[in-house]
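Position 16 of the sequence shown, counting from 1, maps to 16 under full-length UniProt numbering, and the rest follow consecutively.
Backbone N, C-alpha and C define an ideal beta-carbon position, used for all residues, glycine too.
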Amino acid sequence: MKISTKVEFGIMAIIDIAVYSQNGCSVTAPDIAKRHNISKKYLEQILPYLTSANLIRGQKGLNGGYVVARDLSKITFKDILNALDTRVLNDVYFDSRDKNDMMTELINDRLWSAMSSYLQNYAESITLAEIAEHYKQNEIIAQAKAV
Numbered sequence: 001m002k003i004s005t006k007v008e009f010g011i012m013a014i015i016d017i018a019v020y021s022q023n024g025c026s027v028t029a030p031d032i033a034k035r036h037n038i039s040k041k042y043l044e045q046i047l048p049y050l051t052s053a054n055l056i057r058g059q060k061g062l063n064g065g066y067v068v069a070r071d072l073s074k075i076t077f078k079d080i081l082n083a084l085d086t087r088v089l090n091d092v093y094f095d096s097r098d099k100n101d102m103m104t105e106l107i108n109d110r111l112w113s114a115m116s117s118y119l120q121n122y123a124e125s126i127t128l129a130e131i132a133e134h135y136k137q138n139e140i141i142a143q144a145k146a147v
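Structure follows, in structure tokens:
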């Protein structure tokens, strides 16, 4: 499976916001861009997708930036993917010219349908809270190794 840079950077951005917007602090687009070596302009085109899906919200003012809009444990990876590109979790299937082709039906039913279902269920089972916590743990390990 190949995902677009929009999806990749959007996932990175929401995880970053989840990790760094603790205790009412917000995270700015330039901070996210710098931490992950992403173009700030490109990131600013992606963040509205997450805002429109009510996953993050912007805060105006001197300490403005972005915060997660809902409880991290209520946001699934499926929510994030669908906000960024609804095609990522679409069902995969052969589109045969001959609709009565038994081989095509078999492959669609036994292979593509099952794989699509598994991917959707898996994406729905992972929360932003889990992803953010995993990131924090890995960051602590990486910092300890750097010392």
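Worksheet item: Using 8 Å as the Cβ pair cut-off and three pairs as the minimum, do the segment 61-68 and the segment 14-21 touch?
Response: Touching, yes.
Worksheet item: Alpha carbon to alpha carbon, what distance is there between Asn23 and Tyr122?
Response: Near 30 Å, if we compare the C-alpha coordinates of Asn23 and Tyr122.
Worksheet item: In this structure, what does DSSP give as the bridge partners for Val7?
Response: In the DSSP assignment, Val7 is bridged to no other residue.
Worksheet item: Is it true that the CB of Phe77 sits closer than 7 Å to the CB of Ile126?
Response: Yes.
Worksheet item: Alpha carbon to alpha carbon, how far is Gln120 from Lys40?
Response: When rounded, the distance between both Cα atoms is 30 Å.
Worksheet entry | Identified DSSP bridge partners for Ile56 | Looking at the DSSP output, Ile56 sits in a beta bridge with Val68.
Fill in: Residue environment, Tyr49, which counts as buried when at least 16 other CB atoms sit within 10 Å
When all chains shown are included, Tyr49 counts as buried.
Discussion item. By DSSP's criteria, Val88 is part of a beta bridge. Which residues make up the other side?
Written reply: In the DSSP output, where bridge partners are listed per residue, Val88 has none listed.
Item to complete: Note down the Cα distance separating Gln45 from Ile80, rounded to an integer number of angstroms.
Response: Rounded to whole angstroms, Gln45 and Ile80 show a C-alpha spacing of 16 Å.
Worksheet item: How close, in whole Å, do the beta carbons of Ala83 and Ala132 come, if the pair is a contact with beta carbons under 8 Å?
Response: The Cβ separation is near 16 Å, so there is no contact.
Worksheet entry | Distance, Ser26 Cα to Leu62 Cα | Between the alpha carbons of Leu62 and Ser26 lies a distance of about 11 Å.
Worksheet entry | Closest Cα partner of Lys74 within the set Glu130, Leu106, Glu8, Val7 | Looking at the Cα atoms, Glu130 is the closest of the given residues.
Fill in: Exposed unless 16 or more other CB atoms sit within 10 angstroms - verdict on Asn138
Exposed, by the Cβ-count rule.
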